[in-house]
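Residue numbers (the UniProt record's numbering): 1 to 288.
Think of the CB as a built atom: it goes at the ideal place given N, C-alpha and C, for glycine as much as any other residue.
Here is the structure we will look at, set down as C-alpha cells.
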C-alpha cells in the first residue's frame with residue numbers, strides 16, 4: 001500500500017506539471033521519449049540479461065509498450081484539447097477498463113460495463129455541455145485508449161509475475177519494461193515529432209527531468225510492484241485516488257477560476273459509471 005500511496009502523490013502532481021508547463025509548448029512525442037530514456041538510464045544498468053525466461057522478457061516488452069508507450073503518447077496528445085481537471089476526471093474510468101480486461105481474460109461478459117461506458121460519456125458531456133466539439137470527444141477517446149492500455153499493463157504485469165516467479169528482485173527484471181516503451185516512443189517521435197517544439201526554457205527541462213526520473217522510473221516501478229501486493233479492490237481504489245488529490249493541487253495552485261459546479265456534477269456521473277461497471281462482478285477484479 002505504501003508504494004501505491006507514494007506514486008499516487010507523484011501522479012497527482014505530474015498531471016499539473018504536464019498540463020501547465022509542457023502541453024502546447026513542448027512536442028508531445030519528444031516529452032514521452034525523454035521520459036523513457038531517462039527512466040531507462042536508471043533501470044537498464046540494473047537489469048539482469050541472463051537467468052530471465054524469454055517468455056517473461058517478451059511479456060515485459062509488451063507491458064512497457066502498452067502501459068507507458070501507448071498510454072503516455074495518448075495522454076500527452078489529450079492535453080492539447082482538454083484542461084488538467086478534465087484529464088484527471090476522465091482517468092477515473094481506468095477501473096472500468098480493468099474490469100473489461102479481466103472479464104476478457106476469464107472469458108466472462110459483464111453487460112453492466114457497456115452501460116457504464118455510456119454513462120461515462122454522458123458525464124463527459126456534462127462537463128463541457130456548452131463547448132462540445134469533435135476535438136473534445138477526440139481528447140476523451142484518446143484518454144480512454146490511455147486508460148485501457150494503462151489498465152492492461154497492470155493486469156498483465158500481475159499475471160506475468162505470478163506465472164514466472166523468480167528469486168530476483170523486481171527491479172532486476174524491470175528494465176525490459178522501458179525497452180518496450182522505447183519501441184513505441186522512438187518511432188512515434190521520428191514519424192510525428194515536431195523539431196521546432198523542443199524545450200527551450202530551463203523550467204521545461206527541469207519538469208522533464210522530474211517526470212523521467214521520478215514519475216516514470218520510480219513511479220511506474222513502484223506502482224507495478226505495489227499492484228502485486230494488494231487485492232483487486234484496493235488496486236481499483238488506488239487507481240482513482242490520484243484524481244481528487246490531483247484536482248486539489250491543480251485547483252489550488254493553477255486553476256483557481258475553474259467552474260467547479262460542472263466538474264463536480266460531471267465527475268459524479270463518471271464515478272457512478274465506475275460503480276455500475278462493478279455490478280455483476282462475482283470476484284475481485286485482480287486476484288491476489
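Taking the C-alpha atoms as reference points, what is the distance between residue i and residue j?
i, j, result
"residue 167", "residue 5", "26 Å"
"residue 224", "residue 63", "11 Å"
"residue 203", "residue 108", "48 Å"
"residue 104", "residue 21", "38 Å"
"residue 2", "residue 156", "21 Å"
"residue 283", "residue 99", "Confidence at residue 283 is low in this model, with a pLDDT of 47, below 50, so its placement is unreliable and no value can be given for it."
"residue 201", "residue 15", "19 Å"
"residue 148", "residue 50", "32 Å"
"residue 19", "residue 79", "6 Å"
"residue 169", "residue 106", "29 Å"
"residue 48", "residue 173", "6 Å"
Got a sec: does the ligand ZN put a non-hydrogen atom nearer than 7 Å to the Cβ of residue i?
i, result
"residue 272", "Absence of the ligand ZN from the depicted structure is noted, as is the absence of any ligand whatsoever, leaving it without description."
Is the separation between the beta-carbon of residue i and that of residue j shorter than 8 Å?
i, j, result
"residue 61", "residue 183", "yes"
"residue 37", "residue 209", "no"
"residue 93", "residue 217", "no"
"residue 82", "residue 139", "yes"
"residue 7", "residue 219", "yes"
"residue 151", "residue 73", "no"
Identify whether residue i lies in helix, strand or coil by the three-state DSSP scheme.
i, result
"residue 74", "helix"
"residue 49", "coil"
"residue 35", "helix"
"residue 87", "helix"
"residue 135", "helix"
"residue 225", "helix"
"residue 198", "coil"
"residue 95", "helix"
"residue 285", "Residue confidence for residue 285 is low, a pLDDT of 42 falling below 50, so the modelled location carries little weight; the figure read from the coordinates is stated next. Note: residue 285 maps to coil in three-state DSSP."
Within the same chain, show all residues whose beta-carbon is closer than 6 Å to that of residue i, passing over the 5 residues directly before and after it, in chain order.
i, result
"residue 228", "158 and 161"
"residue 88", "15, 243, 246 and 247"
"residue 185", "32, 33, 36 and 69"
Could you name the residues of the same chain whose beta carbon sits closer than 7 Å to that of residue i, not counting the 5 residues immediately before and after it, in chain order?
i, result
"residue 193", "27, 29 and 30"
**Report entry** Sufficient close CB pairs (3 or more, under 8 Å) joining the stretch 174-190 to the stretch 42-53
**Finding:** Judged by Cβ distances under 8 Å, the stretch 174-190 makes contact with the stretch 42-53, as three or more pairs qualify.
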